[in-house]
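Be aware that the sequence shown starts at 43, since it is given in our numbering, and climbs by one per residue. Heads up, the thing below is written out as structure tokens.
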Amino acid sequence: MNTPSQGTIKINVDATVDDPAAEVGIGMLTRDHGDYELSRILFQIDSDAVAIVIAGCRHLKNNAAAQHKMIIPS
């Protein structure tokens, strides 16, 4: 793992989507220059938001021209 330079923080974000089960989980981890864990956040997204996330993933997967940019109305 690459540690950030002194005075900065490294943030890792990851997500998992289980389309058949309509479940989405997201996690975030922050570390300082000494590789010390500053925070860890894990949560699941409710079913209404899951539909939006899955639709966005499908859009990006199926549309190479989208260049990973998508606007989702709130």
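Yeah, the Cβ is synthetic: ideal placement off N, Cα and C, and Gly gets one too. This structure is a prediction, so every number in the text was calculated from the model and none was measured.
Environment of residue i [buried if 16+ CB atoms lie within 10 Å]
{"i": "Asn55", "result": "Inspection of the sequence shows that residue 55 is occupied by Val rather than by Asn. That one is exposed."}
Sequence-distant residues of its chain with Cβ nearer than 7 Å to residue i (five each side left out)
{"i": "Ile83", "result": "Gly69, Met70"}
Other residues of its chain near residue i: CB distance less than 8 Å, five sequence neighbours each side excluded
{"i": "His75", "result": "Thr45, Pro46, Ser47, Gln48, Gly49, Thr50"}
{"i": "Asp60", "result": "Val66"}
{"i": "Glu79", "result": "Leu71, Thr72, Arg73"}
{"i": "Ser81", "result": "Met70, Leu71, Thr72"}
{"i": "Ile114", "result": "In this prediction, Ile114 has a pLDDT of 48, which is less than 50 and means its spatial position is unreliable; what the coordinates show is noted afterwards. Cβ within range, chain order: Ile94, Gly98."}
Whether residue i touches residue j by CB criterion (9 Å)
{"i": "Ile53", "j": "Val66", "result": "no"}
{"i": "Ala64", "j": "Ile94", "result": "no"}
* **Every unbroken beta strand (DSSP E) within the region 44-80, with a cutoff of 3 residues, ordered by chain** => 52-60, 65-73
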